[in-house]
Every structure is written in structure tokens, then in C-alpha cells.
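Down below is the structure, laid out as C-alpha cells.
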Amino acid sequence: MGNPRDFIGGSKWNLDTPCLVIDQDVLEQNLQNMQAHLASFGKGLRPHAKTHKCSIIARQQMAAGAVGICVAKVSEAEVLVKAGLRGVLITSPVVTDQKIVALMECLFRDPDLMVVVDHPTNARMLNEAARKQGSRLSVLVDLDPGMGRTGVPFREGLALGQWIHSLPAMRLRGVQCYAGSVQHILNFEERKDASLGWMGQAAEVFRQFRQNGLPAEVFSGSGTGTYEIDCQVPELTDLQAGSYTLMDTEYLQIGCSRNPQKFEKFPPALTLLTAVISSNHPGYFTVDAGLKALYHHGGIPSVIHPQGLGLTYEWRGDEHGKVSLPAPGKRFEIGEILELVVSHCDPTVNLFDYFYVARGETVVDVWPIDLRGKCQ
Numbered sequence: 222m223g224n225p226r227d228f229i230g231g232s233k234w235n236l237d238t239p240c241l242v243i244d245q246d247v248l249e250q251n252l253q254n255m256q257a258h259l260a261s262f263g264k265g266l267r268p269h270a271k272t273h274k275c276s277i278i279a280r281q282q283m284a285a286g287a288v289g290i291c292v293a294k295v296s297e298a299e300v301l302v303k304a305g306l307r308g309v310l311i312t313s314p315v316v317t318d319q320k321i322v323a324l325m326e327c328l329f330r331d332p333d334l335m336v337v338v339d340h341p342t343n344a345r346m347l348n349e350a351a352r353k354q355g356s357r358l359s360v361l362v363d364l365d366p367g368m369g370r371t372g373v374p375f376r377e378g379l380a381l382g383q384w385i386h387s388l389p390a391m392r393l394r395g396v397q398c399y400a401g402s403v404q405h406i407l408n409f410e411e412r413k414d415a416s417l418g419w420m421g422q423a424a425e426v427f428r429q430f431r432q433n434g435l436p437a438e439v440f441s442g443s444g445t446g447t448y449e450i451d452c453q454v455p456e457l458t459d460l461q462a463g464s465y466t467l468m469d470t471e472y473l474q475i476g477c478s479r480n481p482q483k484f485e486k487f488p489p490a491l492t493l494l495t496a497v498i499s500s501n502h503p504g505y506f507t508v509d510a511g512l513k514a515l516y517h518h519g520g521i522p523s524v525i526h527p528q529g530l531g532l533t534y535e536w537r538g539d540e541h542g543k544v545s546l547p548a549p550g551k552r553f554e555i556g557e558i559l560e561l562v563v564s565h566c567d568p569t570v571n572l573f574d575y576f577y578v579a580r581g582e583t584v585v586d587v588w589p590i591d592l593r594g595k596c597q
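For any residue, its number in this note's numbering is found by taking its place in the sequence shown, counting from 1, and adding 221.
Now the structure itself:
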């Protein structure tokens with residue numbers, strides 16, 4: 222299909238579809254807005270790279286003032302540390318032998334790397350691996366905000382912290398608490414009550430660390446949906462927001478402090494271009510973006526170009542999408558290009574190899590999605 226960099230200098234409307242496009246001006250503004258907001262509360266930003274899966278964007282976040290970078294998996298950390306990034310936090314437990322070997326290699330490159338732990342057995346395994354390497358591994362106790370996914374119950378957080386602190390090759394740093402289940406609550410006040418409830422319990426564990434002489438330097442958590450809310454928690458040191466960079470319809474439909482109907486602080490920097498490939502029926506046509514190009518979860522992709530026609534998208538299989546008009550009338554010709562805001566940015570990004578980067582309608586760069594497929 223040719224070299225994607227051959228499109229640089231041309232119009233984004235001439236790109237091969239389906240493809241992902243980043244509006245660089247919007248992305249830069251989103252990075253600045255989040256950084257400035259958190260700084261006004263004295264909080265750090267430790268953004269999650271699982272959203273964009275791109276070391277170039279991670280480097281831009283660090284340059285904008287982030288205190289570190291989060292990843293979900295060891296394989297993502299490997300890419301970032303090899304790209305020269307430091308201060309990586311792996312936000313999910315690392316437990317198997319193969320992953321621990323890879324983790325130790327990352328730790329050798331990035332001595333500031335951190336992991337989370339939610340079980341004494343895992344702490345013992347990591348301690349032994351770090352001891353053999355002659356290293357010390359920084360650790361956060363992972364706290365469960367009622368999700369039942371990972372994390373230790375709040376009541377057990379102090380005891381686990383004391384156990385980790387007793388291990389010679391472990392360097393206890395604090396706690397992590399990410400309440401993912403509250404990030405997309407539509408009503409802002411309900412989301413606020415839920416998030417402050419969970420984060421308040423995590424803050425109590427953090428205070429217990431200090432009261433019992435344990436290291437309590439880092440209390441990391443929160444996300445894009447609660448960034449306005451969790452800044453009110455005094456103990457929270459840094460936020461793990463991720464989707465604010467690119468955005469998607471799942472986040473755009475929730476309310477914020479200024480607007481109960483729309484999450485308006487961060488406009489979408491990411492869009493997907495798709496082409497009409499069949500137009501034989503009145504009232505709808507078929508495009509070349511289906512399940513393999515748009516992740517089927519959360520919100521519904523929103524057609525933003527062309528505007529004003531009330532076009533709606535729905536999935537029609539792996540390779541195809543159906544776009545409907547509210548009333549028969551205008552017919553779309555094959556080859557016409559539509560622009561959509563994606564439903565859920567994180568897994569959609571993981572379906573592609575690179576972003577086309579545009580300023581206005583001109584393609585100015587191509588960024589590899591070099592963490593794509595790194596799910597180990």
C-alpha cells in the first residue's frame with residue numbers, strides 16, 4: 222500500500238482509508254490544558270500511554286511536565302524504556318516468570334521504574350528477582366476501589382505495605398487507586414460523589430502509611446473522567462489520566478463541572494477517516510470501517526464530516542459500517558470521505574500501525590503506534 226510518509230504535505234482527505242488522524246493543534250492544546258489544570262492544584266500528571274500507545278506522544282507529555290508515564294503491561298514498558306523514557310509505572314500486577322524477567326531488563330534501563338503489587342506472593346517473587354539482579358524495585362500497593370479487578374481491599378492495604386517494606390530489594394513508595402468504574406458516570410455530581418468516596422478511602426490508607434512510619438511519597442490514581450474531582454483529594458500526588466489526549470464519544474457524552482451534557486474541556490484530537498464503498502440503497506450507504514477499524518464498545522462513533530446532515534454510523538461486520546441519513550434525499554458517491562470521532566480511543570488505536578498527523582487539513586507527519594499489540 223506504499224509508504225505512509227508519502228502522504229506528508231498532502232491533504233488528509235487523500236489518505237488511504239480507514240485511517241487514524243491526529244489534529245496536532247488540538248493534541249497540543251489538550252496536553253497543555255491538563256497539565257495547567259493539575260498544576261493549579263499542586264498535582265502531578267502521570268499520564269497513561271495505553272490510550273495512544275505511541276512513544277512520540279509519551280515523550281511530548283513528559284516534555285510538557287508529566288512526572289512519569291503509565292503503562293498497563295510490561296511489553297509496553299519495554300518499548301518506552303528502549304525509546305529513552307524514564308519513570309515508567311506499570312499499573313497492573315506483573316506475576317509470571319517471563320514477565321518478571323522482562324521487568325528486570327526494564328528496571329536495568331530505568332532505575333526509576335515502578336510496579337504495583339496486590340499480593341504478598343507477588344511481592345516475594347519480585348523481591349527475589351530484584352535481589353538476584355542487585356537492584357531495588359519501586360513498588361506501590363494497588364488498592365481496589367470496589368471494582369474487584371486488581372488491588373487489595375482498603376482494610377488490608379497497611380499490612381501489605383508493611384510486608385513489602387520489610388523486603389530488602391523492594392522500595393515501597395506509596396499507593397495506587399484507579400476507580401475505573403466511575404470514570405464514565407454520566408451525571409457529574411453522581412460521578413463526583415462516587416469518586417470522592419473511593420479516593421477518600423484510599424487517602425486514609427495513605428495516611429496510615431505515614432502514621433506507621435512507612436514511605437508515602439506517591440498516591441497515584443484518577444482518570445480523565447474524574448480529573449476535576451480528584452484534585453480535591455489533598456493526599457493525591459498525581460493523576461493517571463489518559464484519554465484526555467485523544468478523546469472519544471464515550472467520554473464526550475459525560476457531563477463536566479461546566480456543562481452537565483458534554484465533557485467539553487478536551488475536544489477530540491483523534492478522528493478516523495473512512496470511504497464510501499457502496500451506495501446502492503436510499504437512505505444509507507456502506508463505508509470501509511467496521512469492527513476491525515472501530516472498537517465496538519462504549520459510545521457510538523460520531524460523524525463530524527460532512528456536518529449538518531444528521532448522519533449516523535453503525536457496525537455492519539468486520540470490514541464494513543453502515544451510515545444512515547435521517548431521510549432519503551442526498552446520495553453519497555463511492556469514494557467520498559467521512560470523518561468520525563471514534564467510540565473508544567484506547568482499543569481503536571490498538572488496531573492501527575500509525576497515526577497521520579495533520580495541521581488543519583495538511584498532513585505534516587506520521588507517528589508509529591509502536592506500543593500496538595503490546596498486550597503481554
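Just so it is clear, CB atoms sit at the ideal spot from N, CA and C, and this is done for glycine as well.
Check: Helix, strand or coil: how does DSSP classify Asn480 here?
Finding: coil
Note to self: Quick test of your reading: Thr458 and Gly265, contact by CB under 8 Å. State the CB separation rounded to the nearest angstrom.
What the structure shows: 6 Å
Checklist line | Alpha-carbon to alpha-carbon, Leu491 and Asp246 | finding: 11 Å
Note to self: For Ile243, list the residues DSSP reports as bridge partners.
What the structure shows: Leu491 and Val578
Checklist line | Span of the alpha helix (DSSP H), counted from its first residue to its last, around Phe427 | finding: Phe409 to Gln432
Check: Helix, strand or coil for Asn224 per DSSP?
Finding: coil
Next item on the list: Indicate whether the contact test is met: 3 or more Cβ pairs, each with one atom in the segment 371 to 382 and one in the segment 400 to 410, closer than 8 Å.
Entry: no
Item checked: Run of the alpha helix (DSSP H) containing Thr569, from where it starts to where it stops -> Cys566 to Val570
Notebook entry, point to check: In or out: Met222 buried (at least 16 other Cβ within 10 Å) or exposed?
Noted result: exposed
Next item on the list: For Lys513, count neighbouring Cβ atoms within 10 angstroms of its own Cβ and tell me buried if that reaches 16, exposed if not.
Entry: exposed
Margin query: I'd like to confirm the pairing. Which residues does DSSP put opposite Leu561 in its beta bridges?
Written below: Leu493 and Val524
Next item on the list: Say yes only if the C-beta of Met368 is nearer than 8 Å to one or more non-hydrogen atoms of the ligand GTP, and no if none qualify.
Entry: For the ligand GTP, the structure offers nothing, since it holds no ligand at all.
Check: If you draw a straight line from the alpha carbon of Ser261 to that of Gly504, how long is it in whole angstroms?
Finding: 50 Å
Check: Unbroken beta strand (DSSP E) runs of length 3 or more, entirely within the segment 264 to 337: which are they?
Finding: 290 to 292 and 309 to 311
Next item on the list: Evaluate Glu449 with the Cβ neighbour count: other Cβ atoms within 10 Å of its Cβ, from every protein chain shown; 16 or more gives buried, anything less gives exposed.
Entry: buried
Note to self: Measuring only the C-alpha atoms, how far is Gln429 from Ala284?
What the structure shows: 34 Å
Next item on the list: Can you give me the start and stop residues for the alpha helix (DSSP H) that Tyr399 sits inside?
Entry: That residue, Tyr399, is in no alpha helix (DSSP H); it is neither H nor E in DSSP.
Checklist line | Cβ-based neighbour list, Leu334, same chain, cut-off 6 Å, excluding 5 preceding and 5 following | finding: Val309, Cys327 and Leu328
Checklist line | CA nearest to the CA of Val497, picked from Pro489, Thr507 and Gly520 | finding: Thr507
Margin query: Are the CB atoms of Ile521 and Ser464 within a distance shorter than 9 Å?
Written below: no
Checklist line | Burial state of Asp197, where buried means 16 or more other Cβ atoms lie within 10 Å | finding: The structure shown does not extend to residue 197, since the chain is modelled only from 222 through 597, so no value can be given for it.
Note to self: Quick check on the DSSP output: what are the complete alpha helix (DSSP H) runs of length 4 or more inside the segment 440 to 474, in order along the chain?
What the structure shows: 448 to 451 and 470 to 473
Next item on the list: Check the C-beta distance from Lys274 over to Ile590 and give it rounded, since I have them as a contact under 8 Å.
Entry: 5 Å
Notebook entry, point to check: Can you name the start and end residues of the beta strand (DSSP E) that Leu358 belongs to?
Noted result: Leu358 to Asp363
Check: Can at least three beta-carbon pairs, one atom from the segment 429 to 445 and one from the segment 232 to 239, be found at a separation below 8 Å?
Finding: no
Checklist line | Supposed contact pair Thr272 and Thr466 - C-beta distance, whole angstroms, cut 8 Å | finding: 6 Å
Next item on the list: Within 10 angstroms of the Cβ of Thr583, are there 16 or more other Cβ atoms? Answer buried if so, exposed if not.
Entry: exposed
Margin query: Between which residues of its own chain and Glu535 is the CB-CB distance below 6 Å, once the five residues before and five after are set aside?
Written below: Lys543
Item checked: Contact between the segment 471 to 489 and the segment 538 to 556 (3+ Cβ pairs under 8 Å) -> no
Next item on the list: Kindly indicate which residue of Gln383, Val362 and Ser402 has the alpha-carbon position closest to the one of Gly369.
Entry: Ser402
Next item on the list: Hey, could you find the ends of the alpha helix (DSSP H) Gly382 is sitting in?
Entry: Gly378 to His386
Check: If you check the beta carbons only, do Leu364 and Val426 fall under 9 Å apart?
Finding: yes
Next item on the list: Can you check DSSP and say which residues form a bridge with Thr371?
Entry: Per DSSP, none; premise fails for Thr371.
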